[in-house]
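These notes are about the structure you will find just below.
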Amino acid sequence: MSTGTDHPGQAAREEHGSREEQGERYDAHALQDRWLPVWDELKPFRASDDPADGSEGSGRPKKYVLDMFPYPSGDLHMGHGEAYALGDVIARYWGQRGYDVLHPIGWDAFGLPAENAAIKRGLDPRGWTYDNIAQQRASMRRYACSFDWDRVLHTCDPEYYRWNQWLFLKMYERGLAYRKDSYVNWDPVDQTVLANEQVLPDGTSERSGALVVKKKLTQWYFRITEYADRLLDDLDTLEGQWPSKVISMQRNWIGRSYGAEVDFTIEGRDEPVTVYTTRPDTLHGATFMVVAADSDLAAELVADAPAEVQEQFSAYLTQVQASTEIDRLSADREKTGVFLQRYALNPVNGERLPVWAADYVLADYGTGAIMAVPAHDQRDLDFARRFDLPVRVVVDVRDADGAPLPDPAVSGVATAGEGSLVNSGPLDGLDKAAAIARQTELLAAEGRGRAAKNYRLRDWLISRQRYWGTPIPIVHTATGEVPVPESELPVRLPDSAGLNLTPKGTSPLGAAEDWVNVPSPLDGSPARRDADTMDTFVDSSWYFLRFVSPNDDTQAFDPELIGRWGPVDQYVGGVTHAILHLLYARFITKVLFDMGYLTFQEPFTRLLNQGMVLMDGSAMSKSKGNLVRLSEQLDEHGVDAVRLTMAFAGPPEEDIDWADVSPAGSAKFLARAWRLARDVTSAAGADPATGDQALRRVTHRTVHEAAQLVESFRFNVVVARVMELVNATRKAIDSPSVGPADPAVREAVEAVAVLLSLFAPYTAEDMWAHLGHQPSVARAGWPAVEESLLVQESVTCVVQVQGKVRDRLEVAPDVAEDDLRALALASEKVRAALAGRELRTVVVRAPRLVNIVPA
7 MSTGTDHPGQ
17 AAREEHGSRE
27 EQGERYDAHA
37 LQDRWLPVWD
47 ELKPFRASDD
57 PADGSEGSGR
67 PKKYVLDMFP
77 YPSGDLHMGH
87 GEAYALGDVI
97 ARYWGQRGYD
107 VLHPIGWDAF
117 GLPAENAAIK
127 RGLDPRGWTY
137 DNIAQQRASM
147 RRYACSFDWD
157 RVLHTCDPEY
167 YRWNQWLFLK
177 MYERGLAYRK
187 DSYVNWDPVD
197 QTVLANEQVL
207 PDGTSERSGA
217 LVVKKKLTQW
227 YFRITEYADR
237 LLDDLDTLEG
247 QWPSKVISMQ
257 RNWIGRSYGA
267 EVDFTIEGRD
277 EPVTVYTTRP
287 DTLHGATFMV
297 VAADSDLAAE
307 LVADAPAEVQ
317 EQFSAYLTQV
327 QASTEIDRLS
337 ADREKTGVFL
347 QRYALNPVNG
357 ERLPVWAADY
367 VLADYGTGAI
377 MAVPAHDQRD
387 LDFARRFDLP
397 VRVVVDVRDA
407 DGAPLPDPAV
417 SGVATAGEGS
427 LVNSGPLDGL
437 DKAAAIARQT
447 ELLAAEGRGR
457 AAKNYRLRDW
467 LISRQRYWGT
477 PIPIVHTATG
487 EVPVPESELP
497 VRLPDSAGLN
507 LTPKGTSPLG
517 AAEDWVNVPS
527 PLDGSPARRD
537 ADTMDTFVDS
547 SWYFLRFVSP
557 NDDTQAFDPE
567 LIGRWGPVDQ
577 YVGGVTHAIL
587 HLLYARFITK
597 VLFDMGYLTF
607 QEPFTRLLNQ
617 GMVLMDGSAM
627 SKSKGNLVRL
637 SEQLDEHGVD
647 AVRLTMAFAG
657 PPEEDIDWAD
667 VSPAGSAKFL
677 ARAWRLARDV
687 TSAAGADPAT
697 GDQALRRVTH
707 RTVHEAAQLV
717 ESFRFNVVVA
727 RVMELVNATR
737 KAIDSPSVGP
747 ADPAVREAVE
757 AVAVLLSLFA
767 PYTAEDMWAH
777 LGHQPSVARA
787 GWPAVEESLL
797 VQESVTCVVQ
807 VQGKVRDRLE
817 VAPDVAEDDL
827 RALALASEKV
837 RAALAGRELR
847 TVVVRAPRLV
857 NIVPA
């Protein structure tokens with residue numbers, strides 16, 4: 007390795023040497039001050055743009071490692087500290103393995119937090135956002151993240167959101183972006199709509215925490231339901247690469263079910279009402295119909311009802327609109343409804359079924375209408391009992407002993423299990439599967455129904471009635487919607503000065519008269535821009551593509567470069583984005599694939615979810631008084647100690663309780679490792695083969711295992727192995743038979759430096775310089791492993807009697823189970839512990855464990 011004096015970082019090495027002569031102690035902050043400027047000069051993490059340009063990246067395999075980019079709301083917090091430490095381990099590892107690594111960073115900079123903060127402080131959202139970005143950027147540099155700082159993007163830059171608008175127009179051309187009137191989720195605090203995915207399970211807004219209500223508005227949607235089957239089926243390709251929990255969450259959210267569409271005639275209505283059901287076999291048990299009170303169908307059906315019914319319905323609708331979706335679907339809630347004085351005809355037997363409006367049916371599920379089979383659905387049964395409606399058993403469900411279950415009309419408990427059909431004409435005696443198939447055939451033959459699929463997934467509502475977002479590139483004219491020509495993009499946000507950004511239910515952009523009033527792109531007649539902005543999840547649905555060419559002003563991304571780098575090989579981020587962001591990114595990737603812009607259909611090949619950083623068992627917050635500031639931990643212990651602690655605390659997916667870990671302990675370990683490099687006295691390049699072979703075996707096994715452990719995300723075990731190697735090396739240095747001049751010691755310490763570079767880059771870089779090498783250790787290369795040194799001559803087998811260790815045996819690694827059993831039972835210590843007792847069992851786990859249990 008070159009040690010020329012003209013290499014960047016030479017001044018730091020010379021300063022390093024002079025301080026060493028003065029007996030310098032390990033000083034984490036001094037190391038940070040020393041090496042950060044060197045890395046700024048060297049740019050060791052700059053990725054190659056062109057695999058054929060003769061640069062360092064030429065001919066090297068690629069890895070695209072990506073961390074979920076942050077929102078710029080204040081400085082980095084403890085969660086950032088964990089996420090970026092773990093992502094950095096992966097990026098640095100693949101760089102050491104000889105890969106050309108793309109590891110970019112940017113900021114998800116549009117959205118409500120910035121706008122609300124600006125309103126509260128009387129500021130422009132731009133200024134607040136960019137100030138926070140500057141603060142976070144400085145902290146990330148200090149944190150030694152291995153980002154390519156030439157590939158930074160901010161989603162609030164016009165140069166970025168121009169391509170959001172381009173994407174919208176491409177979606178619009180294909181019929182995937184559309185506008186419609188519908189009941190939407192309304193956040194009464196932030197005064198804007200929310201996508202279904204942005205409403206928490208308890209019915210509150212993920213942003214403001216307010217109870218979400220329904221409101222009817224004209225909104226823009228992306229037709230994600232067109233891709234429901236592909237989004238669901240392609241999850242199979244991610245098995246084993248993504249956490250199973252995330253895959254299950256997406257499957258459940260898409261929620262594909264199979265059943266039938268059944269056409270019901272409504273008396274006095276020309277068009278039939280189509281109902282989706284997963285149980286067409288129970289049609290003979292339908293005794294009434296329920297339509298969602300807030301559906302268009304309910305409004306239509308009540309229009310011809312008597313005045314008193316209309317008044318009753320109007321009051322009931324107001325009540326329903328003030329309820330949350332969670333409340334409406336609650337099984338414990340008393341059922342309410344209004345009889346609409348209309349009747350539907352059951353297509354299988356011609357019975358007249360009264361039509362009711364109720365809140366336990368949702369307008370956006372199927373057609374907003376259901377057939378009610380109270381004997382076999384608990385909510386229908388509760389409604390029937392509340393309003394004295396008929397209950398008819400059509401499935402004979404029996405208990406484990408074969409006895410029929412009680413009549414639901416008497417017991418009040420619906421029988422929803424398996425059984426044979428009864429009271430169902432041609433279906434009598436059939437089991438569920440056969441009855442469903444037969445009934446579907448009969449409906450299709452009579453033209454009254456058909457087999458169908460349904461999904462829980464709804465189209466992605468992207469309109470937001472707020473200022474700080476991407477303007478929607480549509481102009482509304484007297485003749486309809488007109489897309490803004492691509493040549494006129496970006497449609498820039500106007501300055502916020504003079505605009506009242508306070509939430510009021512309509513977009514502040516509507517009041518920017520000079521901005522909103524424009525000539526029609528078609529004929530120059532007076533027109534108005536669409537005043538809504540896009541959901542910020544649009545920004546993050548494709549940002550990983552922009553990173554390959556973030557400064558290209560001619561296209562959203564370079565197809566050739568994304569063909570080289572994409573898809574993302576390793577994505578790192580929180581499980582909170584399991585549905586929202588990840589589902590949208592998968593959708594947009596498939597759309598762009600269909601448009602011919604991409605050659606892959608899944609954006610992220612592997613996914614790692616990190617846990618949360620807690621304090622005393624709960625999430626950190628000022629109100630709880632348990633807030634730990636990342637900046638204060640860095641000031642107290644140093645960057646490397648905090649990063650190492652994050653990796654060593656446990657498996658990445660598990661939560662870290664900061665009260666249970668010890669950054670101070672990590673700092674002490676790093677000081678011990680750092681001192682190893684100071685003690686090495688052999689020359690750089692000394693042949694380790696002439697050195698101590700016992701230490702070499704530990705070194706090579708550690709390096710070999712570390713590679714396997716990193717690739718399986720067992721970072722905490724890697725740190726433990728490095729600690730063991732440090733201990734073994736210290737013993738060798740202090741041993742009279744080995745000593746600091748042994749080439750095997752240098753080999754071990756160099757391996758420690760390379761392995762530590764994944765977790766503690768400042769310490770590792772300083773060790774590397776102590777060892778006489780040029781920076782950066784991040785490009786040192788993974789130490790070569792000699793296979794012959796991985797063979798263990800012997801291993802220690804622990805022998806237990808009734809769970810207590812009684813002896814330790816040195817045995818061959820490939821010892822046979824029978825031989826190991828015999829050796830254990832022959833041990834004098836074991837025989838003494840057994841004291842002549844008979845054996846109940848002997849469990850042998852060769853070559854490491856024998857557990858003996860006496861009778």
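If you want my numbering, it's the 1-based position in the sequence shown plus 6.
Backbone N, C-alpha and C fix where the C-beta goes; we use that ideal spot for every residue, glycine too.
Taking all protein chains shown into account, decide if residue i is buried (16 or more other Cβ within 10 angstroms of its Cβ) or exposed.
| i | result |
| --- | --- |
| residue 183 | buried |
| residue 513 | buried |
| residue 28 | Since pLDDT at residue 28 reaches only 47, below the 50 mark, its modelled position is unreliable, and the value read off the structure follows with that caveat. Its Cβ having fewer than 16 others within 10 Å, residue 28 is exposed. |
| residue 523 | exposed |
| residue 220 | buried |
| residue 449 | buried |
Can you give the Cα-Cα distance for residue i and residue j, rounded to whole angstroms?
| i | j | result |
| --- | --- | --- |
| residue 276 | residue 304 | 15 Å |
| residue 278 | residue 461 | 22 Å |
| residue 754 | residue 702 | 7 Å |
| residue 511 | residue 469 | 12 Å |
| residue 877 | residue 253 | Nothing can be reported for residue 877, as the shown portion of the chain is limited to 7 through 861. |
| residue 836 | residue 842 | 10 Å |
| residue 381 | residue 287 | 13 Å |
| residue 651 | residue 150 | 15 Å |
| residue 61 | residue 108 | Low confidence applies to residue 61: its pLDDT is 45, below 50, so where it sits in the model is not reliable, and the reading given next is rough at best. If you take the alpha carbons of residue 61 and residue 108, they lie about 15 Å apart. |
| residue 301 | residue 355 | 27 Å |
| residue 309 | residue 316 | 7 Å |
| residue 766 | residue 839 | 47 Å |
| residue 195 | residue 246 | 41 Å |
Confirm, please, whether the CB-CB distance from residue j to residue i is below 9 Å.
| i | j | result |
| --- | --- | --- |
| residue 290 | residue 181 | no |
| residue 262 | residue 459 | yes |
| residue 579 | residue 73 | yes |
| residue 769 | residue 679 | yes |
| residue 654 | residue 667 | yes |
| residue 68 | residue 155 | no |
| residue 846 | residue 856 | no |
| residue 815 | residue 794 | no |
| residue 670 | residue 772 | no |
| residue 369 | residue 189 | yes |
| residue 713 | residue 152 | no |
Span of the alpha helix (DSSP H) holding residue i?
| i | result |
| --- | --- |
| residue 324 | 313-327 |
| residue 735 | 721-740 |
| residue 304 | 302-308 |
| residue 832 | 823-832 |
| residue 218 | No alpha helix (DSSP H) holds residue 218; DSSP gives it neither H nor E. |
| residue 450 | 438-452 |
| residue 595 | 586-600 |
| residue 256 | 250-260 |
| residue 123 | 118-127 |
Which residue's Cα is closest to the Cα of residue i: the options?
| i | options | result |
| --- | --- | --- |
| residue 138 | 155, 160, 154, 153 | 160 |
| residue 392 | 404, 376, 415, 838 | 415 |
| residue 158 | 553, 720, 364 | 553 |
| residue 385 | 338, 357, 95 | 338 |
| residue 721 | 659, 742, 693, 687 | 659 |
| residue 51 | 99, 84, 613 | 99 |
| residue 132 | 121, 142, 141 | 121 |
| residue 787 | 43, 172, 66 | 66 |
| residue 776 | 799, 727, 687 | 687 |
| residue 349 | 799, 581, 377, 104 | 377 |
| residue 85 | 827, 697, 648 | 648 |
Output the boundary residues of the beta strand (DSSP E) element that contains residue i.
| i | result |
| --- | --- |
| residue 39 | Run containing residue 39: none in the beta strand (DSSP E); it sits in the alpha helix (DSSP H), 34-48. |
| residue 293 | It is not in any beta strand (DSSP E) - residue 293 carries neither H nor E in the DSSP assignment. |
| residue 183 | 183-193 |
| residue 350 | 343-351 |
For the ligand SAH, I want to know if residue i counts as a neighbour, meaning its beta carbon is within less than 8 Å of at least one of the ligand's heavy atoms.
| i | result |
| --- | --- |
| residue 672 | The ligand SAH is absent from the structure shown, which contains no ligand whatsoever. |
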